[in-house]
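What follows is a short report on a single structure.
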Amino acid sequence: MLRVYLDQNKWVDLARAAVGHPLGEPFQDALAMCRAAVQSGIVSFPLDMYRYWETSKRGSDRSRNEVVDVMRELSRQHTMAVPVAVLDHELDLALQRRYGRPARPREQKVFGVGLRHIAGDRMEWPELDLSRHPQVAAALPPGVRAQLDNAFCEYLEEYLLRAGPTTYRGLGFDRADSNHAERFVEFENKLSAAIQQRGLTGDAIDIAVRAADFGDIKPAIIAALQNIGMTYEQFEGSLTARGLLQFMDDLPTRYVTNVLRSAKHRQTQQKWEPNDFTDIVAPEAVKIFEAGWLGIH
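Letter by letter, the sequence shown follows residues 7 to 303 in this note's numbering.
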């Protein structure tokens with residue numbers, strides 16, 4: 007199956023085409039092709055966490071729901087994990103290639119269905135609670151209960167995708183607490199200042215970027231090392247500057263992200279912007295897992 011990742015602006019273009027908006031006219035043929043491809047079963051348009059996030063920021067209920075309608079139609083709730091979700095698997099494979107351990111690397115699953123797949127064990131997913139109606143629960147045949155559970159899950163999936171700023175404020179959710187893009191820019195600006203202060207150029211920038219990322223994923227590295235009976239201090243002490251580069255580049259998702267970050271840090275005339283977060287961290291880090299993968303921006 008060919009998996010096609012659409013950036014947010016492309017979802018908006020297709021939504022406009024679906025409702026007959028004048029700005030969507032140039033994308034009518036594209037929408038028809040996407041619909042036909044989905045119906046044939048040969049193409050999947052998976053959503054990621056950042057599509058949920060960007061969509062939830064649209065203040066207009068009508069506009070947001072138009073985008074969601076097209077997302078649900080073309081994605082069929084197919085989703086993909088965030089890059090950090092596959093990091094444990096990558097670390098185990100990198101350590102196995104270096105030390106021959108662990109014997110059984112932790113498994114990964116990049117693609118799945120729904121927000122539950124995206125969140126994994128980082129989100130406590132509510133279940134249908136019939137405890138207030140014990141007689142009803144006891145009388146339900148197992149097959150009917152399973153259907154109710156599925157319907158409840160479908161409702162939650164749609165509700166979370168359609169939720170907008172008003173809904174989140176009503177739930178007491180402060181978006182500033184999850185403003186990952188701004189924090190990403192702040193981190194990269196600090197790194198950029200350090201690079202310029204030290205006068206780093208060429209390969210030295212690559213080392214600086216990877217060293218910063220090495221520190222960022224330290225908790226995951228420590229956990230992976232514990233599984234093979236090695237301490238972080240032992241591991242860190244065995245790495246030269248070149249060894250650090252090789253290890254970080256042996257982690258596919260980090261390699262793609264760090265190459266893009268290094269390129270951006272070389273372009274000193276270009277400022278870091280919030281959009282860089284989704285452009286660098288989101289789709290590029292996952293596309294390497296599938297031969298049939300296409301990103302459209």
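All C-beta atoms in this analysis are idealised placements derived from N, C-alpha and C, irrespective of residue type, glycine included. None of these values were measured; they are calculated from a predicted model.
The stretch 108–123 makes no contact with the stretch 143–156; the number of CB pairs closer than 8 Å stays below 3.
Straight-line measurement puts the Cα of Y238 at about 12 Å from the Cα of I223.
Going by DSSP, G118 is part of no alpha helix (DSSP H) but of the beta strand (DSSP E) stretching over F117 to V119.
Rounded to the nearest angstrom, the Cβ distance from L251 to D212 is 7 Å, consistent with a contact under 8 Å. Secondary-structure assignment with DSSP links S50 through a beta bridge to R9. Around the CB of V76, 16 or more other CB atoms lie within 10 Å, so the residue is classed as buried.
For F33 and L20, the gap between their C-alpha atoms comes out near 6 Å. A straight line joining the alpha-carbon of F190 with that of F241 spans about 27 Å. Segment contact: the stretch 249–265 against the stretch 87–104, three or more CB-CB distances shorter than 8 Å; contact assigned. The stretch 27–76 is shown to contain whole alpha helix (DSSP H) runs of 4 or more residues at 34–46 and 55–62, in chain order. Taking all protein chains shown into account, W17 has 16 or more neighbouring C-beta atoms within 10 Å of its C-beta and is therefore buried. The Cβ-Cβ distance between Q114 and P108 does not fall below 8 Å. M129 and G205 have their C-alpha atoms some 43 Å from each other. Rounded to whole angstroms, E133 and A187 show a C-alpha spacing of 31 Å. Beyond the five residues adjoining it in sequence on each side, R64 comes within less than 6 Å, by CB distance, of R70 in the same chain, given in chain order. Counting along the chain, the unbroken alpha helix (DSSP H) around T172 starts and ends at P171 to G176. The DSSP-derived three-state label of H139 is coil. Excluding sequence positions up to five before and after V215, its CB lies within less than 8 Å of the CB of L197, N264, R267, S268 and H271, all in the same chain and listed in chain order. Boundaries of the beta strand (DSSP E) around M86: H84 to M86. Annotation for E164: the continuous alpha helix (DSSP H) segment containing it runs P148 to R168.
Of all C-beta pairs linking the stretch 155–164 to the stretch 41–52, fewer than three are shorter than 8 Å, placing the two stretches out of contact.
Buried is the label assigned to I201, since at least 16 other Cβ atoms lie within 10 Å of its Cβ.
Only residues of its own chain outside the window of five on either side were considered, and among them L134 have a CB closer than 6 Å to the CB of D155, listed in chain order.
Taking the Cα positions, Q83 is about 28 Å away from P28. Distance between L231 and T284, taken at the CA atoms: about 30 Å. Within its own chain, the residues whose Cβ lies closer than 7 Å to the Cβ of I286, once the five positions on either side in sequence are excluded, are T263, L266 and R267, listed in chain order.
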